[in-house]
Amino acid sequence: MLSSPTQTDAVIIGAGPVGLFQVFELGLLEIKAHVIDSLPKAGGQCIELYPDKPIYDIPAIPVCTGRELTQNLLKQIAPFGAEFHLGQEVTQLEQQADGRFLIATSKDEHFLSKTVFIAAGVGAFQPRTLNLEGIEAFEGKQLFYHIKHPEQFHGKRIVICGGGDAALDWALYFVDKAASVTLIHRRDDFKAAPASIAKMRELCANQQMQLLIGQITGYEIEDERIRNVVVRNIDGADQTIAADDLLIFFGLSPKLGPISDWGLDIDRKQITVDTEKFQTNIPGIYAVGDINVYPGKKKLILSGFHEAALAAFAAAAYLNPEKPIQLQYTTTSPKLHRVLGVNPATFE
Ligand SMILES: Cc1cc2nc3c(=O)[nH]c(=O)nc-3n(C[C@H](O)[C@H](O)[C@H](O)COP(=O)(O)OP(=O)(O)OC[C@H]3O[C@@H](n4cnc5c(N)ncnc54)[C@H](O)[C@@H]3O)c2cc1C
17 MLSSPTQTDA VIIGAGPVGL FQVFELGLLE IKAHVIDSLP KAGGQCIELY PDKPIYDIPA
77 IPVCTGRELT QNLLKQIAPF GAEFHLGQEV TQLEQQADGR FLIATSKDEH FLSKTVFIAA
137 GVGAFQPRTL NLEGIEAFEG KQLFYHIKHP EQFHGKRIVI CGGGDAALDW ALYFVDKAAS
197 VTLIHRRDDF KAAPASIAKM RELCANQQMQ LLIGQITGYE IEDERIRNVV VRNIDGADQT
257 IAADDLLIFF GLSPKLGPIS DWGLDIDRKQ ITVDTEKFQT NIPGIYAVGD INVYPGKKKL
317 ILSGFHEAAL AAFAAAAYLN PEKPIQLQYT TTSPKLHRVL GVNPATFE
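Numbering (this note's numbering), first residue to last: 17 to 364.
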């Protein structure tokens, strides 16, 4: 049965840098937002793809990392009390007879919102999966792409696939907790913290864990459970490894996914908008950041911030057509000081 939906003025789909700044621009206009993201944390591409790399083209910030940009945006939007619903993908968006939008997520949360801001970047980040026929039937039973309860793997023979930080961190974590740990990576070259790589090699040398260079090409089932996996190593030889659980960390890839089913005008996987309001073909739905397209579009954080400002003004007019909106400066407006919860007299 449909749980009673959360009623709100604005839902933002995507907690990347542009979705976060959308909270700020809406907040200044006293519009409270709910933010939904398929990732378990805010920051979008900045946090998922380049948390420690420097960005040099954010106005007035000579340099900051993807993580710092995210942290500063979260600090900047804190006064507005946006509610975050993370780790869930928006799967449905449907306009109701009263004009509001019913939004449903993969965790079965529902929202009834007067406006929607799609800040979905290049799409929802999803784990890259292990491509073996029929293996998906074991997902959540013996095949895992996320670890929620590490203790369930204690005492098990676990096989971990991947060559990044997630694969190595979990391999090191389970070494003295699992019955055995086998790490499988397609080449002997890891994209992880040097200290983790060194530790992994030391543990392998001490035979506390095993490293195989190759790929899983098959699996054997007995009594409806995976018992073994077949690993083809780089010289083409097959090896069978006993496995209770498979933990796969092949990274994340973005998928436009359900957005293409919501009746929006889409041009080559991007949502078309006007450049006055950044509104889509459906009034009340705006698209900002990397997900949108218009003549001259540049996929930069800077462009997304501008789009968020104009979309917020447009939404305020859409929500209250009778109420004229005046442009006010955060420097001098007592009203904006109130909504920001600041006192410029005591600013140093
Ligand atoms: C390596 C690299 C370096 C870069 N360097 C720079 C730079 O120096 N300067 C610059 O300006 N730009 C840079 N960019 C580009 C910049 O990161 C993007 O322009 C920016 O992240 C776009 O922000 P966004 O909020 O629109 O989308 P994203 O950051 O992509 O965030 C979108 C979010 O929406 C979520 N989402 C999507 N669909 C759904 C759904 N259905 N349900 C729930 N959640 C959903 C995703 O999980 C994601 O978290 C760089 C990009 C990369 C990859």
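By construction, the Cβ of each residue, glycine as well, lies at the ideal position given by its N, Cα and C atoms.
Proximity test, residue i beta-carbon vs ligand 1 heavy atom, cut-off 7 Å
i: P360; result: no
i: L42; result: no
i: P274; result: yes
i: K315; result: yes
i: V106; result: yes
i: V66; result: Inspection of the sequence shows that residue 66 is occupied by Tyr rather than by Val. Yes - ligand 1 has a heavy atom lying nearer than 7 Å to the Cβ of Y66.
i: I29; result: yes
i: F141; result: yes
i: S54; result: yes
i: V51; result: no
i: C80; result: no
i: P33; result: yes
i: A153; result: no
i: D73; result: yes
i: L280; result: no
i: L318; result: yes
i: A120; result: no
i: I307; result: yes
i: A113; result: no
i: G60; result: yes
i: G137; result: yes
Beta-carbon contacts of residue i that lie in its chain and below 7 Å, excluding the five residues immediately before and after
i: Q344; result: K351 and L352
i: S276; result: I282
i: N249; result: L228, I229, G230 and Q255
i: M17; result: Model confidence at M17 stands at a pLDDT of 47, short of 50, so the residue's coordinates are unreliable; what they give is reported in the following sentence. No residues qualify anywhere along the chain.
i: D3; result: Residue 3 is absent from the structure shown; the chain starts at 17 and stops at 364.
i: L85; result: P33, C62, I71 and I74
Endpoints, beta strand (DSSP E) assigned at residue i
i: P270; result: L268 to K271
i: S212; result: Element bounds for S212: not the beta strand (DSSP E) but the alpha helix (DSSP H), P210 to A221.
i: A182; result: Careful: A182 lies outside any beta strand (DSSP E), inside the alpha helix (DSSP H) at D181 to F190.
i: H50; result: A49 to D53
i: V27; result: T22 to I29
i: P350; result: Here P350 belongs to no beta strand (DSSP E); instead the alpha helix (DSSP H) covers P350 to L356.
i: F100; result: E99 to L102
i: Y302; result: I301 to A303
i: A253; result: No beta strand (DSSP E) contains A253, which DSSP labels as neither H nor E.
i: A140; result: A140 to P143
i: G234; result: Q226 to E238
i: T288; result: Q286 to T288
i: R173; result: R173 to C177
i: V79; result: Here V79 belongs to no beta strand (DSSP E), and DSSP marks it neither H nor E.
Residue interval of the alpha helix (DSSP H) (run including residue i)
i: S319; result: I317 to L335
i: K91; result: G82 to I93
i: K130; result: Per DSSP, K130 belongs to no alpha helix (DSSP H); it is in the beta strand (DSSP E), H126 to I134.
i: L118; result: Note, L118: premise wrong, no alpha helix (DSSP H); beta strand (DSSP E) at F117 to T121.
i: E46; result: No alpha helix (DSSP H) contains E46, which DSSP labels as neither H nor E.
i: I63; result: G60 to E64
Cβ-Cβ distance between residue i and residue j below 8 Å
i: I257; j: V358; result: no
i: G180; j: K207; result: yes
i: G305; j: A26; result: no
i: T296; j: L280; result: yes
i: L413; j: F294; result: Outside the shown range of the chain (17 to 364) lies residue 413, about which nothing can therefore be said.
i: L316; j: D68; result: no
i: P21; j: L118; result: yes
i: I47; j: L335; result: yes
i: F169; j: F190; result: yes
i: F127; j: T24; result: yes
i: L268; j: P143; result: yes
i: A259; j: T131; result: no
i: G60; j: G137; result: yes
i: Q111; j: A120; result: no
Chain-order list of residues whose beta-carbon lies under 8 Å from that of residue i (same chain, five-residue window excluded)
i: F40; result: L89, Q92, I93, F96 and A324
i: I237; result: R243
i: P360; result: T347 and H353
i: I287; result: I134, I275, L280, D281, T296, A303, I307, N308 and V309
i: P70; result: V79, C80 and T81
i: I341; result: L45, F329, A332 and A333
i: G115; result: K130 and G300
Sequence-distant residues of its chain with Cβ nearer than 6 Å to residue i (five each side left out)
i: A31; result: V51, D53 and A58
i: P56; result: L102 and G103
i: Y235; result: I242 and V245
i: L356; result: P95
i: I298; result: none
i: F321; result: F37
i: L184; result: A208, S212 and M216
i: I264; result: L146, Y161 and C177
i: A49; result: A26, I28, V39, L42 and A98
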